[in-house]
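>
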Amino acid sequence: MKLYTNRILLLFLSFALLLGACETEESIEITSPDPAFVLQEPGISSIFLNFSLPNNPAFTLTWVDEVTGSSSYDIEMSTDDSFSSVVNLGTSTTNSFSISVQDLNDAITSVVSDNFQDVAIYVRVNAGSTTSNSVLYLVTTYPVDAPSFDGISNGDAFVLSLANNDQVAVTIQWEDAILQSSLGVDVTYYLEAGTTGSDFATVIDVANVVNQNSIALTNAQLNAAALSSGIAPDTAGDLDLRVRSVITDSNTGAVLERTSATLTINVTTYLTVLDLSTTWGIVGSAANNWGATPDLPFWQTDTNGVLAAYVTLTDGEIKFRENNNWAVNYGDTGADGTIEQNGDNIAVTAGSYKVTLNFNDNTYTIEPFSLGIVGSAYNNWGATPDFMLEYDQYSDVFRGIVTLLDGEMKFRMNNDWAVNYGDTGADGTIEQNGDNINVTAGIYIVTVDLNDNEYTLQPIDYVWGLVGSAFNNWGATPDASFTRDWSRPFDDIWILRDVTLLDGEYKIRANNDWAVNYGDTGADGTLELNGNNIVSMAGTYTITLDFSNPSVPTITVD
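Read left to right, the sequence shown gives residues -21 to -1, 1 to 537 (mature numbering (1 follows the signal peptide of the UniProt record, and there is no 0)).
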């Protein structure tokens, strides 16, 4: 009986479940989602546009289109979500779209020119009259517009003078929106000059700064640029200027350059060096082996008709002649201190001399003359020869580059104490038998002006030499020493004249040491710190180093 009861209960339960299931099924309405036209949310919403990879895709956009059935889509951009101003980025015939770094940068900077970080752009897709949702990107762009001059105009005139040589003549300013950004990149600005109308066929490097929008030019700097452009001394002329901006990608080495429009200013120049040259010289066995090399030159003095030469002679004979030619020459018949045309040779003994030639009364004098440095700072007060200063005909002074020790020094004539100079009062003027001059160890450009009895000790960091298999077997003997070019006193130019090189290689180094050395990587005339060896062929050369622009030193081999 119990078994039958259980079966009846199970039957009723199954029937109840069946009725319930039928009732539930009638209450459910099953629907499909509406067709959509939807952009996929980007995986990356922040984009950095790298100028060194202009053809790489900036982003790729994809979408689902279950609505339009279109085969052509327009991709639009705006800087606001209402798309009040629309920029067309391109079209696509598929459900995806890519745009390159350069194209996106151009599109953004066409509407936003002064922001280089977190530029908000909204992107959507149109298919006929149907528009998708929009997505947001934050984009870091790179600059396109060039710097523009500010505070200076075409035609502005500047009258320069030697009296104001070290004073600021003009501050050149420019505007560049990237300097107001927080990108964290370094922007180097080069101020360049050129001959007016030449389109900078020859670029004159004036100065450069990093992450700044101005350069202050002294009279000397602007004058040097104007003279280099071809404007004659003491003359007014036009000078073209431009600003070149350089950003370098530290990872790829790629460079982004932007160059301003040309600005033309008017500059009145001044003569920076004296022209004391004459057509007269000293020739002879004691001077130049009777003309095997150019005659030793005479220079003008402050007296018309009186010339002076500062020379080192050997035992032998000399004469005076004009234009390195025998057509007009003078000797001394009778050895009486007077000159006669085609006169006898003049006998001399080895030594350093000042030779004075007076055409007003046809006389001459040959007197011992050398100006040197003596002291505990150089040669233990004369234990070895004094350091000799050389005559600088461009400034009518005596100069030399010398390494000094901590100690004291004086100037004296002819390695002798009969005539010596010190500085009583440490005021930059020399007095005969004056006080010792205190110095600290270092390398100095020493200048002595005997016209007004003034001197200067200008410290410098380096003297330059040539080392290599082409000259001294990489330092087995001293380096070939460069000398400063005193004809350009406001530039850092060094010259090595008539050096004989072998087939081989060489480099330029400072202070006979490898700590600071330059080579020429790329053999393009630009020196690089620790750069490649410079290849040479056997011959005699004059080599010029220009460190006036320390960031771009150059070498010229003639």
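From the three backbone atoms N, C-alpha and C, an ideal C-beta is built for every residue, glycine too.
Every value quoted in this text rests on a predicted model; they were computed, and no experiment measured them.
Going straight from the alpha carbon of T241 to that of G176, what length do you get?
One-based indexing of the sequence shown puts residue 241 at position 262. One-based indexing of the sequence shown puts residue 176 at position 197. Answer to the nearest angstrom: the Cα atoms are 10 Å apart.
> On a CA-only basis, which of Y373, N451, R488 and L40 is nearest V478? Give me that one, please.
Against the sequence shown, residue 478 aligns to sequence position 499. With distances taken between Cα atoms, V478 lies closest to N451.
> Which parts of the stretch 461 to 534 are runs of the beta strand (DSSP E), unbroken and 3 residues or longer, counting only runs that do not cross its ends?
Entirely contained in the stretch 461 to 534, the beta strand (DSSP E) runs reaching 3 residues are, in chain order, 472 to 480, 483 to 489, 496 to 498, 513 to 515 and 518 to 525.
> Out of curiosity, what's the CA-to-CA distance linking A211 and D254?
Indexing the sequence shown from 1 puts residue 211 at position 232. Indexing the sequence shown from 1 puts residue 254 at position 275. Cα to Cα, the separation comes out at about 14 Å.
> Mind checking which residues open and close the beta strand (DSSP E) that includes S132?
The residue given as residue 132 occupies position 153 in the sequence shown. That residue, S132, is in no beta strand (DSSP E); it is neither H nor E in DSSP.
> Distance, Cα to Cα, E154 vs V102?
Within the sequence shown, the letter at position 175 stands for residue 154. Within the sequence shown, the letter at position 123 stands for residue 102. Their Cα atoms are separated by approximately 31 Å.
> What is the rounded straight-line gap between the Cα of T523 and the Cα of L250?
Position 544 of the sequence shown, counted from the first residue, corresponds to residue 523. Position 271 of the sequence shown, counted from the first residue, corresponds to residue 250. Roughly 22 Å between the two C-alpha positions.
> Less than 8 Å between the CB atoms is what I'm expecting for V114 and L220, so what's the real figure, rounded?
Position 135 of the sequence shown, counted from the start, is the residue given in the question as residue 114. Position 241 of the sequence shown, counted from the start, is the residue given in the question as residue 220. Between L220 and V114 the Cβ distance is about 46 Å, and since that is not below 8 Å, they are no contact.
> S132: buried (16+ other C-beta within 10 angstroms of its C-beta) or exposed?
Working through the sequence shown from its first residue, we reach residue 132 at position 153. Exposed: under 16 other Cβ atoms inside 10 Å.
> Just to confirm, is the Cβ distance from N105 to E45 under 8 Å?
Numbered from 1 along the sequence shown, position 126 holds the residue referred to as residue 105. Numbered from 1 along the sequence shown, position 66 holds the residue referred to as residue 45. No, these two residues do not count as a Cβ contact at 8 Å.
> Quick one: Cα of W473 to Cα of I439, how far?
Here residue 473 refers to the residue found at position 494 when the sequence shown is read from its first residue. Here residue 439 refers to the residue found at position 460 when the sequence shown is read from its first residue. Answer to the nearest angstrom: the Cα atoms are 13 Å apart.
> Indicate whether the contact test is met: 3 or more Cβ pairs, each with one atom in the stretch 229 to 238 and one in the stretch 494 to 510, closer than 8 Å.
Too few Cβ pairs lie closer than 8 Å, so no.
> Quick one: Cα of S349 to Cα of F377, how far?
By one-based count along the sequence shown, residue 349 stands at place 370. By one-based count along the sequence shown, residue 377 stands at place 398. Approximately 10 Å, taken between the alpha carbons.
> Just reading off the beta strand (DSSP E) that Q437 is part of, what are its end residues?
To locate residue 437, count along the sequence shown from 1; it is residue 458. Per DSSP, Q437 belongs to the beta strand (DSSP E) from E433 to I439.
> Just how far apart, CA to CA, sit G401 and V427?
Position 422 of the sequence shown, counting from 1, holds the residue named residue 401. Position 448 of the sequence shown, counting from 1, holds the residue named residue 427. For G401 and V427, the distance between alpha carbons rounds to 12 Å.
> May I have the straight-line CA-CA distance separating P33 from S63, to the nearest angstrom?
Within the sequence shown, residue 33 is the residue found at index 54, counting from 1. Within the sequence shown, residue 63 is the residue found at index 84, counting from 1. Their backbone Cα atoms lie some 28 Å apart in a straight line.
> I'd like the list of long-range same chain contacts for D315, defined as Cβ closer than 6 Å, with 5 residues on each side in sequence excluded.
As a first step, residue 315 is located in the sequence shown; it is residue number 336 there, counting from the start. For D315, where only same-chain residues beyond five positions count, there are no Cβ hits under 6 Å.
> Is it the case that the Cβ atoms of F128 and S239 are separated by a distance below 8 Å?
Counting from 1 along the sequence shown, the entry for residue 128 is found at position 149. Counting from 1 along the sequence shown, the entry for residue 239 is found at position 260. Yes, Cβ-Cβ distance for F128 and S239 is below 8 Å.
> Is it true that the CB of D385 sits closer than 8 Å to the CB of T419?
Looking up residue 419 in the sequence shown gives position 440. Looking up residue 385 in the sequence shown gives position 406. Closer than 8 Å, so yes.
> So what does DSSP say about N143, is it helix, strand or coil?
Start at 1 with the first residue of the sequence shown, and residue 143 comes out as number 164. Three-state result, N143: helix.
> Starting from V80, follow the alpha helix (DSSP H) in both directions and report where the run begins and ends.
Position 101 of the sequence shown holds residue 80. Start and end: V80 to T88.
> When DSSP labels each residue in this structure, what does D537 get in the three-state scheme?
As a first step, residue 537 is located in the sequence shown; it is residue number 558 there, counting from the start. Reduced to three states, the DSSP call for D537 is coil.
> When you compare each of Q411, G407, V138 and E387 to V398 by their alpha carbons, which one comes out closest?
Looking up residue 398 in the sequence shown gives position 419. Ranking Q411, G407, V138 and E387 by Cα distance to V398 puts Q411 first.
> Could you check if Q159 is buried or exposed, using at least 16 other CB atoms within 10 Å of its CB as the buried criterion?
Within the sequence shown, the letter at position 180 stands for residue 159. Result: exposed.
> Pull up the distance between the alpha-carbon of T312 and that of W278, whole angstroms please.
Numbered from its first residue, the sequence shown carries residue 312 at position 333. Numbered from its first residue, the sequence shown carries residue 278 at position 299. Taking the straight line from one Cα to the other gives about 24 Å.
> What are the complete alpha helix (DSSP H) segments, minimum 4 residues, inside the stretch 246 to 307?
Counting only runs of 4 or more, we get nothing.
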